[in-house]
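For the sequence shown, position 125 (counting from the first letter as 1) is numbered 124 according to numbering that gives the first Met the number 0, and the numbering increases by one without interruption.
The structure under discussion appears below in the form of structure tokens.
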Amino acid sequence: MYQLTAEDRELQDRARRFVDDLFPYEEEAEANGGHLPADVAAAMRTRAKEEGLLATNISRDLGGGGCSMLQQVLVQEQVGRATNALAWMLSTPPQWWVPVATEHQRERWLRPTVAGEAGECYAITEEHAGSDVSAIEATARREGDEYVLDGVKWHVTSYNEATYAFFQGRLTDGPHAGDHAMFVVDLPSPGVRVVRTPAYSHTIAHHHPIVAFEQVRVPATHLVGEEGGGMTYAYEWFRFERFMVAARCLGATERLIDEATRFARERIVSGSPIIEFQLVQAMLADSATELFAGRSMLYEAARGVDEGRDRKVQHGQASMAKLFASETANRVADRAVQIFGGRGYMRENVAERFFRELRVERIWEGTSEIQRVIVAAQLAKRGIGAIA
Ligand SMILES: Cc1cc2nc3c(=O)[nH]c(=O)nc-3n(C[C@H](O)[C@H](O)[C@H](O)COP(=O)(O)OP(=O)(O)OC[C@H]3O[C@@H](n4cnc5c(N)ncnc54)[C@H](O)[C@@H]3O)c2cc1C
0 MYQLTAEDRE
10 LQDRARRFVD
20 DLFPYEEEAE
30 ANGGHLPADV
40 AAAMRTRAKE
50 EGLLATNISR
60 DLGGGGCSML
70 QQVLVQEQVG
80 RATNALAWML
90 STPPQWWVPV
100 ATEHQRERWL
110 RPTVAGEAGE
120 CYAITEEHAG
130 SDVSAIEATA
140 RREGDEYVLD
150 GVKWHVTSYN
160 EATYAFFQGR
170 LTDGPHAGDH
180 AMFVVDLPSP
190 GVRVVRTPAY
200 SHTIAHHHPI
210 VAFEQVRVPA
220 THLVGEEGGG
230 MTYAYEWFRF
240 ERFMVAARCL
250 GATERLIDEA
260 TRFARERIVS
270 GSPIIEFQLV
280 QAMLADSATE
290 LFAGRSMLYE
300 AARGVDEGRD
310 RKVQHGQASM
320 AKLFASETAN
330 RVADRAVQIF
340 GGRGYMRENV
350 AERFFRELRV
360 ERIWEGTSEI
370 QRVIVAAQLA
380 KRGIGAIA
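This is the structure we're talking about:
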């Protein structure tokens, strides 16, 4: 199916087996702030590396898997099948950085990240700048061979696990005054502090604190790419992540349908398995249909990247895939809770956990509304032929 090659299937199966082995730890993780037992986490990290499941999005010369976009999607789809973000350990380092990273940056941050020995987080969003990234107020001021960074960043995912942050700020002076620039900031660094760590709906080990950067001094060698390039890199990251979000959402959708179907076959109500009730059948049939549609769309969009399709087309299709997959996953989670009945409202139930966890997929990496705005803007500028 889906015209996958033998190599694609082998990679998909390897990732599937890896993620299957995390399922027994989900309930414990839910009760434990999203954490795996330390020995299990260490063993799985080693296994991920040995099985070539880390950094599928990075070229082999930098130590990554050198996978096609379709293959990256296949792996992240499996990642999405586990709750509590347990499979996030199959990380995808910042591939957008590779073409603009200096030799110093490659050796100091990129290679260790690809090897799983370092990890990044993104400090872009602010209290008054989320969907509209151009509204950020954080600043970057050049002083001799250094930049001085100031700003308060929100929802900094994985800050508690990261060894460095990408900080986006507005240049205060120079030829690019007012433009955005991105910097690498080692963690911890003087002047970087957690303001607070709010609780979120999901239970995962990666926190999303509000982080203040106060007079943080970094050498000019920490500038990513060029002054004024900040928005370009953020958009590259968004485009890539939209594929990965779509993939993880479809993995979650598959797991939910699988679990709900198994339950519906076994659960006897009024003398019949509930899968014989047509109202339950409709929920499962709609869910399976939407999974098939979402997967066909995502794989086609991923193939477009591999074939070098026009970047604007890629951009529009990434948005459509993210929009459709994230909304599908949320609908399917809602139906799965319904099929499980009272059990579906218990935290020990996979549908309950996904019901909470999947909600953010319609918000981060661009809300569903922003994806629609992107798709409609492409239509307005270039017509239907340009994106569909
Ligand atoms: C759990 C979590 C983790 C996150 N991790 C990170 C991270 O690691 N790094 C980071 O930098 N950011 C992160 N974010 C931020 C995330 O990307 C933003 O929350 C998201 O882009 C939306 O921005 P906002 O919350 O400011 O909402 P707003 O931009 O204030 O939007 C509010 C509402 O208005 C709607 N809206 C806005 N503009 C339009 C428009 N033009 N047309 C129609 N409707 C519109 C939105 O869709 C939304 O419904 C994270 C967020 C969450 C919740």
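For each residue, glycine too, the CB sits at the ideal point set by N, CA and C.
Taking 7 Å as the cut-off, is the beta-carbon of residue i closer than that to any non-hydrogen atom of ligand 1?
i	result
C120	yes
V372	yes
W363	yes
S130	yes
I273	no
Y199	yes
T112	no
I209	no
E326	no
T124	yes
I369	yes
H154	yes
V359	yes
Thinking residue i and residue j are a contact (beta carbons under 8 Å), I'd like their distance in whole angstroms, please.
i	j	result
V331	S286	4 Å
Q280	I386	With 8 Å as the limit, Q280 and I386 do not qualify as a contact, their Cβ atoms being about 34 Å apart.
Q77	R15	5 Å
R247	L322	With 8 Å as the limit, R247 and L322 do not qualify as a contact, their Cβ atoms being about 14 Å apart.
R169	A139	7 Å
Y163	V184	6 Å
S130	I369	5 Å
Consult DSSP for residue i and reduce its assignment to one of helix, strand or coil.
i	result
A122	strand
F165	strand
I256	helix
R308	coil
S400	Absent from the structure is residue 400, since the part of the chain shown begins at 0 and ends at 387.
S295	helix
M345	coil
S271	strand
F339	helix
T45	helix
G115	coil
G64	coil
Does the Cβ of residue i have 16 or more other Cβ atoms within 10 Å, making it buried, or fewer, making it exposed?
i	result
E351	buried
T45	exposed
P218	exposed
Q377	buried
V143	A small correction: the amino acid at residue 143 is Gly; Val does not occupy that position in the sequence shown. Exposed, because fewer than 16 other Cβ atoms sit within 10 Å of the Cβ of G143.
Y344	exposed
E347	exposed
M0	exposed
G293	buried
L35	buried
Give a yes or no on whether 8 Å exceeds the smallest Cβ distance from residue i to chain D.
i	result
H206	Absent from the structure: chain D. Only one protein chain is present.
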